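Shown next, in structure tokens, is the structure this report addresses.
Numbering (our numbering), first residue to last: 952 to 1094.
Okay, structure coming up:
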């Protein structure tokens, strides 16, 4: 039996690579049902100031095709920034997030909010040496 029933993680997942797969596999190892939020195109352009190679619907379809993902859905800027909105939408037991957020003011607040809801946050390490930005750079594209 796994540690959690429903898990949630969120990301852009543009130019899907082994780092993305490692993250999703680590998430799925800890939960029975994994929901993946796919940041909408507006989030990528307005917040990350990047142009996605693949549009939100294509990225969602790729993730839904993976056996480690039970459901991938497009999420708005608001749902990406405010994890309580994401929780209200998906009712997950655990949010999986990159360990670079651990200890940040934003996530300390989220941990406090989640505690009242009975939800947890699990911080997972990133795969070193690969990123979408690095792939774009290697291909000679501006990221």
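The beta carbon of each residue, even a glycine, is placed where N, CA and C say it ideally should be. Remember, it's a predicted structure, so these values are computed and weren't measured experimentally.
Below 8 Å between beta carbons: does that hold for residue i and residue j?
i            : j            : result
residue 1050 : residue 1075 : yes
residue 1072 : residue 1021 : no
residue 982  : residue 1037 : no
Let me make sure I understand the geometry here. Which of the options has the alpha-carbon closest to that of residue i?
i            : options                : result
residue 1069 : 1053, 1055, 1042       : 1042
residue 1027 : 1040, 1000, 1018, 1015 : 1040
residue 963  : 1036, 1012, 1063       : 1012
residue 984  : 998, 1006, 967, 1015   : 1015
residue 1035 : 1002, 972, 1066, 980   : 1066
residue 1033 : 957, 980, 988          : 988
Counting C-beta neighbours from all protein chains within 10 Å, is the total for residue i 16 or more, i.e. buried, or is it exposed?
i            : result
residue 969  : exposed
residue 1048 : buried
residue 1077 : exposed
residue 1057 : exposed
residue 1054 : exposed
residue 1007 : buried
residue 1061 : buried
residue 1000 : exposed
residue 954  : exposed
residue 1046 : buried
Please report the distance separating the alpha-carbon of residue i from that of residue j.
i            : j            : result
residue 1018 : residue 1088 : 29 Å
residue 1064 : residue 1091 : 42 Å
Assuming the contact rule is C-beta atoms closer than 8 Å, residue i and residue j should be a hit. Round their C-beta distance to whole Å, please.
i            : j            : result
residue 965  : residue 1005 : 6 Å
residue 1031 : residue 990  : 5 Å
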